[in-house]
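The opening position of the sequence shown corresponds to residue -11 in the numbering used here, with each subsequent residue numbered one higher.
Every residue gets a Cβ at the ideal spot worked out from N, C-alpha and C, and that includes glycine.
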Amino acid sequence: MRVKAPAQRWRRWLGPLAWSLALVSATLTAAAVIGAIAAGMSLAEAVDTFVVTNSVAGLSFPLCGLILATHRPRNPMGWLFLAAGLGHAITAVSVPLVVAGLAADWQLWLVRLITTIGVYAWPWSISMLLPLALLLFPDGQPPSPRWRPLIWAVVITAPLFAAELGTEPDPPVPGAPAGYLTLTSYDQLTPLWTVAELRTVLLYGVCVVALILRYRRGGERERRQLLWLILAALIVFGVLIPWGVFFAGPVLMLLAIPLIGAAVTVAIVRYQLLDIRLVLSRTVLYLLLTGAVVAAYVVLVALFDGILRQQTGLGTSVAATVLIAIGFNPVRVLLQRLVDRAFYGDRSDPVRAASQVGARLVDAEAGLGGVLEALCAALRLPFAALRGPHGELSAAGTAPAALHAIALTYGGKRLGELVVGARAGEHRLDPADRAVLELLAAPLSVAVHATALSLELQRSRERIVNAREEERRKLRRDLHDGLGPALTGVTLQADLARNLVPVDPAKAIELLAELRRQTGAVIEDIRRVAYGLRPPALDELGLLAALRQQIVQLGRRPDGTPVEIHIDLPNVLPALPAAVESAAYRITIEALANAVRHAQPQNIQIRLSLGRELTIEVRDDGAHVNGDAAWPVGIGLRSMHERAAELGGSCHAGPAGGGGLVTAQLPLWTDNQQQAGRA
């Protein structure tokens, strides 16, 4: 038999306990409403005695607490709301009970007991339960361990506020007897009650500070949860404005009381229910506009009341309304711009957004990461990344679940994409955001292209350095392992021949003949090494003559069949850089050798032309192994591509018109030569 742990046994009773508290509060609230109607209380009396307000709180707070306690039983927020709702419900039902007791002439002790319970039940909600809920929102823990003494201070000082309201001699119901815990010397304790009220005001100020700290230090999820509470607070503030200006009474507070609990509940259980940032921005705009209209109305009424009424007889309200209507739209536009900038950055001002991103583009130290950070800041986006064909180039921020991509193109070629994360609560990219991002995609494409060129330049430099080191290693090996021993042998043979001349001239002559043969072999090795560095024919004959000479030697296929080679070369070439000559020679010879060796052609056409660059074309009519498919990149093709790329040129090889075609473009001048030519 498995024995459940004590914590598991307690957890079984949490759900029924939450339901019981909520049902008790609902029953008491219903009894308060029915009792007020049965006692003949008017709506004004129910409002003045706070029956209506406490009934709304006694119904809304337990409902929110029930949802939280059943979904998050370990979070104290639900239990705080259940307790607060129960206190308001008890106070709400106590008033009609006292009225009914007075009418039915109940026992005095019973009426006084009900009054005492009623006045002491609800203050705990204001002085302790709701402040604790705000301090522990949203995870049930204080902002940091250093806040725990404040939690205890709230609990310890809460009775002071309850005592202020409970000991007041004046009962909540006119004509009712005072409660048991009232003080006849209540007015003499005014300084103490002032401290109690200041304590409550200061406590809620501390709660605001705690929420601000949570928002600044919290992650995206916690911030979105806090935005729900901010939304409720703003709506409460919006309700209090007309209440304070037009003295409409506490009825308007009925709309605000359930909002705090509802906002906390949604924030904890379903914080992704709506796009809270969009809702909050609209709320802020509405409240700012409402405040502006109310302020303008009051100022205009005070300013023009005497003037307009005496001179024109026109009502003050009519004049104020006309003037507000005239000046309202510019104010609305300004406030809309400010609100949008706070929540959506500069998406309504693409030029400003582009300037912020452009400032990072010209900052060499910022790099792509700094550019993406500027983009996120300009549009209030949580994440942005640049992705190329081979993966992510750079990123900024934390990637949310919803990502959207904007294509990056340069010169008609797709370079990659700009990936951005949707704001919290948004599941799609707003058309206004997409329009700004597509505008910013152009400079970002240039930046990605420049980065790719820089990386390719770095790789090219690395390849050149590696190739140079390989050439040096090969040259050292040839000199050390080939020419070195050969020259040593020649030296030894010469010494032996010199020693044999006096004693055996015939043998000395044989050694000299062998010495001549070895010397010739060494010379051939030297020529081979020199040819590997640069074809000697280029220095001896020039590019055109060297090509003609080598073309003649490659004019037969491996089976001995001659190949008709058509040469179209310029009559004369200007002085070219040595690197261009060497690359042109080797690319042409390599392309010709590949065609003769692999394609079995009948005809090959070689053409060199001059323009802004040196263009090489080698075309054959042979049957290539892959037919019309792209040629596999082997050592020869890779060598031609690398030689052209090292000079800033290009090389393309593949099937064309029933044969093959190799085309290479090589720049004719280096940068220094171009500047000298312009001079």
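Between the C-alpha atoms of residue 21 and residue 157 there is a straight-line separation of about 26 Å.
With 16 or more other CB atoms across the displayed protein chains lying within 10 angstroms of its CB, residue 63 is buried. Around residue 54, the same chain offers 6 and 10 as residues with beta carbons nearer than 6 Å, after the five sequence neighbours per side are excluded. Counting every other CB atom within 10 Å of its CB across the protein chains shown gives residue 578 a total of 16 or more, marking it as buried.
Of the candidates 484, 121 and 611, the residue whose Cα lies closest to the Cα of residue 496 is 484.
In the pairwise beta carbon analysis, the stretch 141 to 157 is classified as touching the stretch 171 to 185: at least three pairs are separated by under 8 Å. When C-beta atoms of the stretch 65 to 77 are compared with those of the stretch 102 to 117, three or more pairs fall below 8 Å, so the two segments count as touching. For residue 394, DSSP records a beta bridge to 406. Judged by their CB atoms, residue 366 and residue 344 are nearer to each other than the 8 Å cut-off. Listed in chain order, the non-local C-beta contacts of residue 543 below 7 Å within the same chain comprise 550, 551 and 553, local neighbours out to five positions each way being set aside. Going by C-alpha positions, residue 217 is about 38 Å away from residue 432. Counting along the chain, residue 601 sits inside the beta strand (DSSP E) bounded by residues 601 to 608.
Shown here for residue 655: same chain residues with a beta carbon closer than 7 Å to its own, the five before and five after excluded, namely 601, 635, 636 and 637 in chain order. Minimum Cα-Cα distance from residue 388 among the listed residues 375, 461 and 407 corresponds to 407.
Within the stretch 416 to 475, the complete alpha helix (DSSP H) segments at least 4 residues long are 419 to 465, listed from N- to C-terminus. Note that the C-beta distance between residue 132 and residue 106 is not below 8 Å. For residue 513, the secondary structure class from DSSP, reduced to helix, strand or coil, is helix. The C-beta separation of residue 335 from residue 421 comes to about 5 Å, placing the pair in contact by the 8 Å criterion. It is roughly 12 Å from the alpha-carbon of residue 8 to the alpha-carbon of residue 57. The shortest C-alpha to C-alpha distance from residue 612 to any of 642, 603 and 593 is the one to 642. The three-state secondary structure of residue 556, taken from DSSP, is strand. Within the stretch 123 to 209, the runs of alpha helix (DSSP H) that reach at least 4 residues and sit entirely inside it are, in chain order, 136 to 154 and 178 to 205. If you check the CB distance, residue 84 and residue 24 come in under 8 Å. Selection 566, 438 and 139 evaluated against residue 350 yields 438 as nearest (Cα-Cα). Of the residues assessed, residue 571 falls on the buried side of the cut-off, its CB having 16 or more other CB atoms within 10 angstroms. Note that the C-beta distance between residue 98 and residue 165 is not below 8 Å. DSSP lists no beta-bridge partner residue for residue 495.
Taking the CA atoms as reference points, residue 39 sits about 14 Å from residue 111.
Counting along the chain, residue 643 sits inside the beta strand (DSSP E) bounded by residues 638 to 644.
In this structure, DSSP gives residue 336 a state outside helix and strand, which the three-state scheme calls coil. The Cβ atoms of residue 405 and residue 396 lie closer than 8 Å to each other. Cβ-Cβ distances below 7 Å link residue 546 to 585 in the same chain, with the five nearest sequence neighbours on each side left out; the list follows chain order. For residue 89, the uninterrupted alpha helix (DSSP H) segment begins and ends at 64 to 92. C-alpha of residue 399 to C-alpha of residue 538: approximately 39 Å in a straight line. Counting C-beta atoms within 10 angstroms of its own C-beta, residue 140 has fewer than 16 neighbours from the protein chains shown and is therefore classed as exposed. DSSP places residue 570 in the uninterrupted alpha helix (DSSP H) bounded by 566 to 582.
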